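Residue numbers (UniProt numbering): 1 to 287.
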C-alpha cells in the first residue's frame, strides 16, 4: 500500500531525519505538516490570530479585468503562500506544488431584509429561509513562482470557473444534509473532522457593511472573524468593512513558526498584483 508522505511549509527536518519538503512530488500530500498528530491529539491545537488591513483599492482590478473579487483573493493567497514557501525552503526551482483547501459557499439565495419583513407581515412566516445553507468545494492552491503577479489571478480565475461550472457546491450541501438527518450529529461531526484533516487550508471571503456601523451606540472600528480548534495548518478569512479589507490568519505555529512573515507576504502580494494591474491598464489606455 502506498504510504502518503507528509507535506509541510516549515523548512525543518523531522526527528527521523526525513526532510519535510517534497518539491518533486506530483501531486504532493495535501495534509499539513503535523495534521496527522492534530487528529490523534485534538487538544494540541495551537493557533495564533493575526490580521492586516488593506484598502479596497486593492480590488479595483475589477474595473480593468473580468475577474471577480474571489478570483483576486484566491490569486493573492496563492502568491503569498508561494512567496513564503520558496523563501523559507530555499528552493530556486519553480516547480508546481498544490495545497488542498476547503471553501464554504452559502447556497441560500441573497434576499434583502425588507423582503423577509414583507413575507412575515403577509403571513408567510413558514416560507422564510433562516440561517445559512452551506456547501463546500475543495479548492487547490497552486504554489509556483511567476514573474508576472497577474499570472496568479489568471490561474485562480481558471480554477474557480471550473468549480463554479460544476455541481460540487449543491452536491456537498445535499450530502451534508443527508448525513446529518440519517446518521446524526456525532457521525456527521466525525466525517467532517476527517474531511478537514485531509485539507491544509480553510478559505473564507465575507462581504461586510459598506459603511461604519454601531453596536449600542458604540462605533465598530473593524470586523475580524475567525475559528479555532479545527485540524488545519492555516485558516484564511477575508472580511470587507467600511471600504477596507481585513486579512485574518489563524495559523498552527508548528507549521508556520514565523507567521508574521506570512502575513507580510499577503500584504506584499496584494501590492504587487495592484501595481501590475495598474501598469497593464495604463498601457491599454495608451494604445
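Glycine is no exception: its CB is placed at the ideal position from the N, C-alpha and C atoms. Predicted, not measured: the structure shown is a model, and the values here were computed from it.
Asked                                                                                                                                                                                   : Found
Inspect the beta-carbon positions of residue 82 and residue 201 and report whether they are closer than 8 Å.                                                                            : no
Restricting to Cα atoms, I'd like to know which of 72, 84, 68 and 209 is closest to residue 265.                                                                                        : 84
Tell me, to the nearest whole angstrom, how far the beta carbon of residue 289 is from that of residue 203; I am working on the premise that it is less than 8 Å.                       : Because the chain in this structure spans residues 1 to 287, residue 289 falls outside the shown range and cannot be described.
Look up residue 240 in the DSSP assignment and give the residues it is bridged to.                                                                                                      : 207 and 245
Whole angstroms is fine: what's the gap from residue 8's alpha carbon to residue 99's?                                                                                                  : At residue 8 the pLDDT is 41, less than 50, meaning the model places this residue with poor confidence and gives no usable figure here.
Relative to the C-alpha of residue 209, which candidate in 168, 224 and 199 has its C-alpha closest?                                                                                    : 224
Counting only runs that start and end within the UniProt domain "O-acyltransferase WSD1 C-terminal" (130–273), where is the alpha helix (DSSP H) found for 4 or more residues in a row? : 150–165 and 168–197
Buried or exposed: which applies to residue 295, given that a residue is buried once 16 or more other Cβ atoms fall within 10 Å of its Cβ?                                              : Lying outside 1 to 287, the shown extent of the chain, residue 295 is not represented and no answer is given.
Quick one: residues in its chain with C-beta nearer than 6 Å to the C-beta of residue 34, no 5 flanking neighbours on either side, listed in chain order?                               : Reliability of the predicted coordinates at residue 34 is poor, the pLDDT of 40 falling under 50, and no value is obtained from them.
Where does residue 220 land, buried or exposed, given buried means 16+ other C-beta within 10 angstroms?                                                                                : exposed
With a CB to CB cut of under 6 Å and the five nearest residues on each side skipped, what residues in its chain are close to residue 104?                                               : 134 and 136
For residue 32, count neighbouring Cβ atoms within 10 angstroms of its own Cβ and tell me buried if that reaches 16, exposed if not.                                                    : Residue confidence is low: residue 32 scores 39 on pLDDT, short of 50, so the model does not pin down where it sits. Its coordinate-derived value is still stated next. Result: buried.
Looking only at DSSP bridge pairs, what is residue 120 linked to?                                                                                                                       : For residue 120, which the question treats as bridged, DSSP gives no partner whatsoever.
Just mark residue 248 as buried or exposed, buried being the case when its beta carbon has 16 or more other beta carbons within 10 Å.                                                   : buried
Have a look at the DSSP bridge pairing and note the partners of residue 105.                                                                                                            : 135
State buried or exposed for residue 269, treating a residue as buried only when at least 16 other CB atoms are found within 10 Å of its CB.                                             : buried
Just mark residue 181 as buried or exposed, buried being the case when its beta carbon has 16 or more other beta carbons within 10 Å.                                                   : exposed
So, residue 156 versus residue 258, is the Cβ gap smaller than 8 Å?                                                                                                                     : no
What distance in whole Å lies between the Cβ atoms of residue 196 and residue 232, which are believed to be in contact at a cut-off of 8 Å?                                             : 6 Å
What's the call for residue 147, buried or exposed, on a 16-neighbour Cβ count within 10 Å?                                                                                             : exposed
Which whole-angstrom value describes the C-beta separation of residue 170 and residue 107, a residue pair presumed to lie in contact below a C-beta threshold of 8 Å?                   : 7 Å
What are the start and end residues of the alpha helix (DSSP H) that includes residue 75?                                                                                               : 69–89
From the DSSP output, in three-state form, read off residue 278 for me.                                                                                                                 : helix
Here's the rule I'm using: 16 or more other beta-carbon atoms within 10 Å means buried, otherwise exposed. How should residue 164 be labelled?                                          : exposed
Between the Cα of residue 256 and those of 69, 73, 74 and 89, spot the shortest distance and give me the residue it belongs to.                                                         : 89
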